[in-house]
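Below: one structure, written as structure tokens.
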Amino acid sequence: MARRSQGTKLHLAVLCLVVSCHAIGLSDLMERASQRSDKLHSLSTSLNKDLDSHFPPMGRVMMPRPSMCHTSSLQTPKDKEQALRVSENELISLARSLLLAWNDPLLLLSSEAPTLPHPSNGDISSKIRELQDYSKSLGDGLDILVNKVVQQLNTLCKMGPSSQYISSIPFKGGDLGNDKTSRLINFHFLMSCFRRDSHKIDSFLKVLRCRATKMRPETC
Amino acid sequence: MWGEVGGALVLLLLLSEVLDCIGISPPGKPVLINCRSPEKETFTCRWDPGFDGGLPTTHHLYYQKEDSDGMYECPDYQAAGSNSCFFNKSHTSIWVNYNITVVAINSLGSTVSDPLEVDVMYIVQPNAPENVTVSVVETEESPHLLVKWEPPHEADTRSGWITLTYQLRVKRQNKKEGEWEEYASGKQTQLIIYSLHPGDVYMVQLRCKLDHSLWSEWSTTTHTEVPDYILKERSIWIVITVFSAFILLLVTFTLAMKRKYVKHCLLPPVPGPKISGLDTQLLKSGRSEDILSSLINQGFPPTIATKDQQVDYLLVFDSEQVTPDLQNGQTRTKNIDHGRYDHSLLMEANNKEVKVGGRETVEQGYSEGLESTFWKTKSLSHPCPQKKPFNNVTEMPKQAPVSSKYRSLSHHKDLLDSLARHLDYRETVVKSQSNCDDKHLSSQNIVTPLKAIGYVEVQRWKKSIGLQVLVPKMDKSQEDYSTVSVVENENVVLLKRETVPLNCTSCKLRGNQSEKCLQQKPCKPHMTVPAKEGVYIGSNGYVEPVTISHTL
Chain U
1 MARRSQGTKL HLAVLCLVVS CHAIGLSDLM ERASQRSDKL HSLSTSLNKD
51 LDSHFPPMGR VMMPRPSMCH TSSLQTPKDK EQALRVSENE LISLARSLLL
101 AWNDPLLLLS SEAPTLPHPS NGDISSKIRE LQDYSKSLGD GLDILVNKVV
151 QQLNTLCKMG PSSQYISSIP FKGGDLGNDK TSRLINFHFL MSCFRRDSHK
201 IDSFLKVLRC RATKMRPETC
Chain Y
1 MWGEVGGALV LLLLLSEVLD CIGISPPGKP VLINCRSPEK ETFTCRWDPG
51 FDGGLPTTHH LYYQKEDSDG MYECPDYQAA GSNSCFFNKS HTSIWVNYNI
101 TVVAINSLGS TVSDPLEVDV MYIVQPNAPE NVTVSVVETE ESPHLLVKWE
151 PPHEADTRSG WITLTYQLRV KRQNKKEGEW EEYASGKQTQ LIIYSLHPGD
201 VYMVQLRCKL DHSLWSEWST TTHTEVPDYI LKERSIWIVI TVFSAFILLL
251 VTFTLAMKRK YVKHCLLPPV PGPKISGLDT QLLKSGRSED ILSSLINQGF
301 PPTIATKDQQ VDYLLVFDSE QVTPDLQNGQ TRTKNIDHGR YDHSLLMEAN
351 NKEVKVGGRE TVEQGYSEGL ESTFWKTKSL SHPCPQKKPF NNVTEMPKQA
401 PVSSKYRSLS HHKDLLDSLA RHLDYRETVV KSQSNCDDKH LSSQNIVTPL
451 KAIGYVEVQR WKKSIGLQVL VPKMDKSQED YSTVSVVENE NVVLLKRETV
501 PLNCTSCKLR GNQSEKCLQQ KPCKPHMTVP AKEGVYIGSN GYVEPVTISH
551 TL
């Protein structure tokens, strides 16, 4: 048994080395993921600006507070020190969870966008569709990364329990409202929540990207 | 009671009026200008205090975070200057809404500003890049500007928490109303600018951005002067161009001066045929008379200087072609040098000997050019002459003083054959007609195109006993014709050559006729018996005289 455990450890050590040799591939994946998340956040920012241009005067008051976002239950780092203390797999799990949480709301938004009482609802509608595409693409990439990072680093090297960090966040808001104002306000609110979450995803992935390319600090 | 309340109110009103008259009041409403985070770790809020009311006023900033309850006051009022509040790292949270208000308090009251909702992710704006250095790099091909800079010192670029992207803009100072040219630099901290104008001063500015943040302010302008060395390069090229143009002019001038030489060198004249005695220019002129004279002229045949070296013409005539002139005994001879000669027609009809006739043919022969000097004559068909013994040379002298001076050549078929051959006739026809038993030459025409010789013309001979050949002499004074004495062999015909004074007869014959000679008036004693001369056809085709000493 001792020999076998020693052999297993040696085997694992070799596997760890092999995995570390794959760091180049990992950095490429991270680069692509961070580029997609950057695009995602840019789209959401432009959407919010479009919505802000035609906002009802009392809308600011009526808008729910950001803590009312459905993803606020997910505990994420709040500043730089906290973010840098989080492990890679946790960070990537957080990013993946956040993205997964927005699949359903984006579906709702895309269905509501054409009938939105807004002068540029056509642009909004096309941007939402684009958001969905990027979200899907990023989600697939993050799945690969999660498998790579979580399984290879966590399971093989550290021999720790393979914990699934991806949590599912249900979206309960099934309807934007009945009247035009409430629909518009709720639409805007959802978009502001998405804007924040996309910013979080982007920040986490860029931190991970910097960590993955330790050989080239200039990419950070 | 109502009276006391009314009295207090009246007092307050009076007080406020009095205070207004004095000029003091509660502070005005402060206004929060903005909050800014330069590195996504701290942020600073600034406000406008507003009217202080004439009294010393203090301002307090209070904030509320969305995820926690309670009102907190600003942790640092001094770090960022007056009327500001600096939130350090421990007090800064991102993705958290801050509700910030400012309260102005003086002795008379306080005033609260409007609240401001702040999320740090929205208020990020970095400072401008620092340590901008611009240097001119002079390479062989073209100079360029190398711009280097550093990120703002407070930005943390190592952890990946922020990602800086830069932007650069350039402007030429000399060009008034010029536009800034912007270049994106991405994440690099240096940039190269090409296509510079020499001698100009360039102004460079930089700014940066944190991820999706706002752009920073433009950095301070950096001035750089590009030296003028490109003009020096151009001046060298100008010198080279002028120099080469000068050389080209020289060469062109020289070629123009030596036009003929160049033409002779490049296009050498085609050498014409070198025929001595022929003037090509005269031929080109096309005048037939001159042509003929020139063809025959100019020392052709060559080397005839003295009598002894004279080449005699041999003319063969047809007896039936006797012109009336000739029968009258007129002879027309001309100098060879003039290139013409008449055929002196000899003969008596009774001899029926061949005569050569026709000036036309000769002219024709000459006028046709060098290559064919003789042409066929009209063929005259003659029946075979009657047989006549040839060697009737003795009869000749009878005729000689009567008609002309000529020579008669004994006919010999072989001689003529060789004559024809050696003279390189183009067509030599020597035929013997079968019906002529005497085996003499038939009447055929002989074409004698001969390159060099124009003198021997055998126009026609027929089967006759003899041929009489007329040889016009060069010298008029010596218009004498030699008679054939003997035919030595195939190639040689011996002629007697003598001067025939009028008053004496020559004794040139052998044999029986010498008696007749003696009977006549003798010639002068100084007259010697001339040596026999012969004519032979040399290897070159010429008929050449041969002096043979011979005894009578």
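These protein sequence lines map, in sequence, to chains U and Y. The numbering of the first sequence is UniProt numbering, which starts it at 1 and goes up by one. The numbering of the second sequence is UniProt numbering, which starts it at 1 and goes up by one. Beta carbons: idealized from backbone N, C-alpha and C, even for Gly. It should be emphasised that the depicted structure is a prediction, and the values quoted were computed from it without experimental measurement.
Short CB-CB distance (under 9 Å) between residue i and chain Y
i, result
"Pro-66/U", "yes"
"Ala-113/U", "no"
"Val-207/U", "yes"
"Arg-129/U", "no"
"Glu-31/U", "no"
"Gly-80/U", "Residue 80/U is actually Lys in this sequence, not Gly. So, interface residue."
"Asp-28/U", "no"
Residue i (DSSP reduced to helix, strand or coil)
i, result
"Ile-123/Y", "coil"
"Arg-172/Y", "strand"
"Leu-107/U", "helix"
"Ser-135/Y", "strand"
"Tyr-77/Y", "coil"
"Asp-124/U", "The sequence given here has Ile at residue 124/U, not Asp. Note: Ile-124/U maps to helix in three-state DSSP."
"Ile-166/U", "coil"
"His-264/Y", "helix"
"Lys-209/Y", "strand"
"His-223/Y", "strand"
"Ala-128/Y", "coil"
"residue 553/Y", "Here chain Y has residues from 1 to 552 only, and residue 553/Y is not among them."
"Tyr-62/Y", "strand"
"Trp-47/Y", "strand"
"Cys-210/U", "helix"
"Asn-34/Y", "strand"
"Leu-190/U", "helix"
"Phe-171/U", "coil"
"Val-270/Y", "coil"
"Glu-117/Y", "strand"
"Met-58/U", "coil"
"Asn-106/Y", "strand"
8 Å CB neighbourhood of residue i in its chain, flanking five on each side removed
i, result
"Gly-59/U", "Thr-181, Leu-184, Ile-185 and His-188"
"Ser-97/U", "Leu-74, Tyr-165, Ile-166, Ser-167, Ser-168 and Ile-169"
Cβ neighbours of residue i in the same chain (closer than 6 Å, five flanking residues each side left out)
i, result
"Asp-211/Y", "Thr-163"
"His-41/U", "Ser-198, His-199 and Asp-202"
"Asp-228/Y", "Pro-198 and Gly-199"
"Lys-171/Y", "Gly-178, Trp-180 and Met-203"
Environment of residue i [buried if 16+ CB atoms lie within 10 Å]
i, result
"Pro-262/Y", "Note on identity: in this sequence residue 262/Y is Val, with Pro being the wrong assignment. Val-262/Y comes out exposed."
"Cys-265/Y", "exposed"
"Trp-2/Y", "exposed"
"Lys-49/U", "exposed"
"Val-5/Y", "exposed"
"Ala-95/U", "buried"
"His-118/U", "buried"
"Leu-43/U", "buried"
"Tyr-98/Y", "buried"
"Trp-237/Y", "exposed"
"Thr-189/Y", "buried"
Cβ of residue i within 9 Å of any chain C Cβ
i, result
"Ile-94/Y", "In summary, chain C is missing from the structure at hand, where the protein chains are U and Y."
Cβ neighbours of residue i in the same chain (closer than 7 Å, five flanking residues each side left out)
i, result
"Gly-23/Y", "Gly-54"
Contact with chain U by residue i, beta-carbon distance below 9 Å
i, result
"His-153/Y", "no"
"Glu-140/Y", "no"
"His-144/Y", "no"
"residue 569/Y", "Nothing in the structure corresponds to residue 569/Y, since chain Y is present only between 1 and 552."
"His-212/Y", "yes"
"Arg-36/Y", "no"
"Asn-127/Y", "no"
"Leu-9/Y", "no"
"Asp-69/Y", "no"
"Pro-76/Y", "This sequence places Asp at residue 76/Y; Pro is not what is there. Not closer than 9 Å to any Cβ of chain U, the Cβ of Asp-76/Y fails to qualify, so no."
Within 8 Å, do at least three Cβ pairs link the stretch 25-39 of chain Y to the stretch 115-129 of chain Y? yes
Taking contact to mean at least 3 C-beta pairs separated by less than 8 Å, is the stretch 187-203 of chain Y in contact with the stretch 219-227 of chain Y? yes
Could you tell me whether the stretch 190-197 of chain U touches the stretch 97-117 of chain U, using the rule of 3 or more Cβ pairs below 8 Å? Output reads yes: the stretch 97-117 of chain U touches the stretch 190-197 of chain U.
Is the stretch 28-37 of chain U touching the stretch 133-147 of chain U in the sense that three or more CB pairs, one from each, lie closer than 8 Å? yes
Should the stretch 44-59 of chain Y be called in touch with the stretch 94-104 of chain Y, which here means at least 3 C-beta pairs below 8 Å? Yes, they touch.
Under 8 Å, with one C-beta from each stretch per pair, do the stretch 237-245 of chain Y and the stretch 144-157 of chain Y reach the 3-pair mark? no
Three Cβ pairs or more, each shorter than 8 Å: is that satisfied between the stretch 129-139 of chain U and the stretch 82-90 of chain U? no
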